[in-house]
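Trainee:
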Amino acid sequence: MTFQSRIVPLFSQVEAQAKELAELRLKLSHAEGKAKAFEVVCEESRKKDERIVVFVSKLSEMKQNRDHAVSLAEKMVKDHAADREEKERLKEETEVLERDKRRLYSLLEQHQEAAKSKRTKYRELKMEVALLKERNQTWVELDSQSVAVDESLSDDHFEENFPSSSSPVHRRRKSPIRNTPRRSSGLSQITNELLLDVDLDCDGMANPGFSSDWKMSVAPKRKATNFPIPLDKRGKPIHPVQIGPIRSRRVP
């Protein structure tokens, strides 16, 4: 085998291998470029994943906050409804209490007016009782004086008013008129006392033709009643005495 036949194929093979190596290097360079680009993409993807994790965590937190806000909103709605119901209830109770207060004020005013009327009536009745006591005391004194006068007249003037038939001369006599005080006014007693001195007999009256063995009964004593009216030593009222009917005055 010759030298050319042995060496030329080797050079051709080396040249072919060199071309193949260049192509492989070129491919390797392209592959390295792609690898670097992939690494960049992977790094970006990793960063994106981290950001996604952060976003997911934030989203979960936001969901929790949203749920909490919704729960708070629902609670606030319920509390607002409860507050509104409580407000309505308190408003109704306030209206009821206001009506009760007005009613109680009205009752209090009525009771005050009634108490005022009762006090006025009590004072009037007290004054009336005082007047009645004074009048009663006056009539007690007058009754006692009248009883004393009646007793003295019935004892002293019996013989004078009724002489016996044997008397030769019919004496002039006065009729003992009983002094009965009337309770209508004090003037009646003065009139009755003046009538005691009126001469009801006249001269020349014939004596009775018979004699009597009976005697006039003594006038019964009147019972003293509790009708006190303050009097002085002369038996006159100290305070003014009301005469006539007592008019009742109605308090409006």
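The letter at position 119 of the sequence shown is residue 118 when you use numbering that gives the first Met the number 0, and the numbering goes up by one with no holes.
Yeah, the Cβ is synthetic: ideal placement off N, Cα and C, and Gly gets one too.
1. Roughly how many angstroms lie between the CA atoms of Glu254 and His110, to the nearest whole one?
2. Just verifying my parser: in three-state terms, what is the DSSP assignment at Pro8?
3. Within this structure, are the beta carbons of Trp138 and Ile237 separated by less than 9 Å?
4. Assuming Leu230 and Glu140 make a contact with CB atoms under 8 Å, what is their CB distance in whole Å?
5. Taking only the alpha-carbon atoms, compute the straight-line gap between Asp82 and Glu91 and give it to the nearest angstrom.
6. Comparing alpha-carbon positions, which option in Lys235, Ala21, Arg5, Glu19 lies nearest Arg134?
7. Consider the Cβ of Val76: report whether some Cβ of chain D lies at a distance smaller than 9 Å.
8. Just how far apart, CA to CA, sit Val39 and Val76?
9. Enumerate in chain order the residues of its own chain whose CB-to-CB distance from Leu71 is below 7 Å, with the five nearest sequence positions on each side excluded.
10. Answer with buried or exposed for Gln136, where buried requires no fewer than 16 other C-beta atoms within 10 angstroms of its C-beta.
11. Quick one: Cα of Val53 to Cα of His67, how far?
12. Between Val240 and Leu130, is the Cβ-Cβ spacing less than 9 Å?
13. Within 10 angstroms of its Cβ, does Asp48 collect 16 or more other Cβ (buried), or is it exposed?
14. What do you reckon, is the C-beta of Lys57 under 8 Å from a heavy atom of the ligand PLP?
15. Name the one or two DSSP bridge partners that Pro236 has.
Mentor: Short version:
1. The chain is shown only over 0 to 251; residue 254 falls outside these bounds and no answer can be derived.
2. It is helical.
3. Result no, Cβ atoms of Trp138 and Ile237 do not sit closer than 9 Å.
4. Contact flag correct, Cβ pair sits at about 6 Å.
5. Taking the straight line joining both Cα atoms gives about 14 Å.
6. When only C-alpha atoms are compared, the closest one is Lys235.
7. Looking at the structure shown, chain D is missing, and only one protein chain is on hand.
8. Roughly 53 Å between the two C-alpha positions.
9. Excluding its 5 nearest sequence neighbours in each direction, Leu71 has no C-beta neighbour in its own chain below 7 Å.
10. By the neighbour-count definition (other C-beta atoms within 10 Å, threshold 16), Gln136 is a buried residue.
11. Near 21 Å, if we compare the C-alpha coordinates of His67 and Val53.
12. Going by C-beta atoms, Val240 is nearer than 9 Å to Leu130.
13. Residue burial is scored here from C-beta neighbours: Asp48 has fewer than 16 other C-beta atoms within 10 angstroms and is therefore classed as exposed.
14. Only the bare structure without any ligand can be found here, which leaves the ligand PLP out of the picture.
15. Answer is Leu230, bridged to Pro236.
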